[in-house]
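Have a look at the structure below, then the notes.
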Amino acid sequence: AQSVTQPDIHITVSEGASLELRCNYSYGATPYLFWYVQSPGQGLQLLLKYFSGDTLVQGIKGFEAEFKRSQSSFNLRKPSVHWSDAAEYFCAVGASGTGRRALTFGSGTRLQVQP
Amino acid sequence: ETGVTQSPTHLIKTRGQQVTLRCSSQSGHNTVSWYQQALGQGPQFIFQYYREEENGRGNFPPRFSGLQFPNYSSELNVNALELDDSALYLCASSFDANEQFFGPGTRLTVL
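Chains A and B are the protein sequences, given in the same order. Take the first sequence: its position 42, counted from the start at 1, is 42 in this note's numbering, and no numbers get skipped. Take the second sequence: its position 43, counted from the start at 1, is 43 in this note's numbering, and no numbers get skipped.
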């Protein structure tokens, strides 16, 4: 069965500092990987996705993530955090293949940004 | 292009009651997935509908049921509500389900 682990429940960074959110997945085949962001009381917004090809993917709002198959990781990074980035971040894995499969989410990392 | 919409926004029910949540998929999408997000947790997959047929189900009891209509909108029905059913219910639509677009959710409170 597929699973996602986000080891950091809560992270606090200063505005302007760099950010890395960790994600480890367990999946038996080639995974489809996603990062979503959720503001309080809101739905999920897709930040970026990895299906295949270049292992460094760029997303919206200046975020990027790197797929490392050997480490089963898909960490999210941003070089300079803005106060508006404060939110909950979820990593998710889906099945490749036929394309109609459930997403499995991690438990999330809450990001707090200090002025 | 209209995104995924859900109704109602908030809902309060009592134990034992039944509830129906609605989702309108994004234009051009034929797959709808439903997720339950308990407070402080990540979303958990309930089930998915593709072209009006259930296409997969997570670890939820049969009192969670759904429908998809010819226009690809969808309903989630929950019977015999329990306190633990209190959560944010998220609907996601897609054409290829590996890229899912989420609605704002329905917050259900069971008292």
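Even for Gly, the Cβ is constructed at its ideal location relative to N, Cα and C.
Using the beta-carbon of each residue, which ones in chain A are nearer than 9 Å to residue i?
| i | result |
| --- | --- |
| Q17 of chain B | In chain order: nothing, as chain A lies at least about 23 Å away. |
So that I know if they touch, is there some Cβ in chain A lying closer than 7 Å to that of residue i?
| i | result |
| --- | --- |
| F113 of chain B | Residue coverage of chain B in this structure runs from 1 to 111, which leaves residue 113 of chain B outside it and unanswerable. |
| L90 of chain B | yes |
| G28 of chain B | no |
| G56 of chain B | yes |
| G3 of chain B | no |
Run down chain A in chain order and give the residues with a C-beta less than 7 Å from the C-beta of residue i.
| i | result |
| --- | --- |
| F102 of chain B | G43 and L44 |
| G66 of chain B | The contacting residues do not exist; G66 of chain B stays about 14 Å from chain A at best. |
Is residue i near residue j, with beta carbons less than 7 Å apart?
| i | j | result |
| --- | --- | --- |
| V57 of chain A | D85 of chain A | no |
| A87 of chain A | F105 of chain A | no |
| F63 of chain A | T55 of chain A | no |
| Y36 of chain A | V4 of chain A | no |
| N55 of chain B | Q48 of chain B | yes |
Which bits of chain B does residue i rub up against, with CB to CB less than 9 Å?
| i | result |
| --- | --- |
| L103 of chain A | S33, Y35, P43, F45, A92, A97, N98 and Q100 |
| S107 of chain A | G40, Q41 and G42 |
Taking only beta-carbon positions, decide if residue i is within less than 7 Å of chain B.
| i | result |
| --- | --- |
| F74 of chain A | no |
| F67 of chain A | no |
| F90 of chain A | yes |
Could you pull out every unbroken beta strand (DSSP E) segment of at least 3 residues lying fully inside the region 13-63 of chain B, listed in chain order?
19-24, 31-37, 44-50 and 53-57
Assess, as a yes-or-no matter, whether the region 51-71 of chain B is touched by the region 25-37 of chain B under the definition of 3 or more beta carbon pairs within less than 8 Å.
yes
Do the region 13-20 of chain B and the region 70-77 of chain A make contact, defined as three or more Cβ pairs closer than 8 Å?
no
Pair every Cβ in the region 39-49 of chain A with every Cβ in the region 100-107 of chain B, then say whether three or more of these pairs are closer than 8 Å.
yes
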